[in-house]
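Those letters in the sequence shown? Residues 1 to 125, by our numbering. No residue lacks a Cβ here, since even glycine has one placed at the ideal position from N, Cα and C. Notes follow once the structure below has been shown.
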Amino acid sequence: MSNVPVELKYTKEHEWVRETSETSYKIGITDFAQGALGDIVYIQLPKVGDIVTAGTVCGEVESTKSVSEIYSPITGKITAVNAALDKAPELINQDPYDAGWIAEIEISQAPSDLLTSAEYETLTA
């Protein structure tokens with residue numbers, strides 16, 4: 001069973017969202033996703049200043065098994081990326097919800113179509 005923190009929101013594509021302020025959210029991939037990918041060896045991060053749209057590709061994760069696209073779970077502007085992942089992409093495997101976060105996004109409207117932890121767990125069971 002993968003780790004699914006109750007305070008986060010999720011997408012069907014296995015991304016998570018954490019509210020950090022009223023208009024700012026951190027995103028990453030879930031424990032289930034990193035487990036399915038295996039050892040992560042490279043990540044293509046979005047660029048600060050990029051405008052991303054919910055459901056569209058904003059990056060890529062490469063593992064020893066495959067290459068997988070990262071979909072933005074929310075719409076907004078990238079205000080920060082986790083530069084530590086450039087040198088240590090395995091942080092996603094080790095700590096997907098904290099040290100392995102991918103980007104921070106500033107939004108103008110709160111997301112409404114994200115899954116709760118219970119809803120996400122039914123997808124991965």
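Under a CB-based cut-off of 7 Å, is residue i close to chain B?
i, result
"residue 85", "The structure shown has no chain B; it contains just one protein chain."
If I follow the unbroken beta strand (DSSP E) through residue i, where does it start and stop?
i, result
"residue 26", "24–29"
"residue 106", "103–106"
"residue 74", "From DSSP, residue 74 is part of no beta strand (DSSP E); its letter is neither H nor E."
"residue 59", "57–63"
"residue 15", "15–21"
Can you give the beta carbon distance from residue i to residue j, rounded, assuming they're within the 8 Å contact cut?
i, j, result
"residue 2", "residue 35", "6 Å"
"residue 69", "residue 57", "5 Å"
"residue 49", "residue 77", "7 Å"
Grouping DSSP H, G and I as helix and E and B as strand, with all else coil, what is residue i?
i, result
"residue 115", "strand"
"residue 97", "coil"
"residue 125", "coil"
"residue 110", "coil"
"residue 36", "helix"
Just curious, the alpha helix (DSSP H) that residue i is in, first and last residue?
i, result
"residue 86", "84–87"
The region 6–14 touching the region 107–123, judged by at least three CB pairs closer than 8 Å: yes
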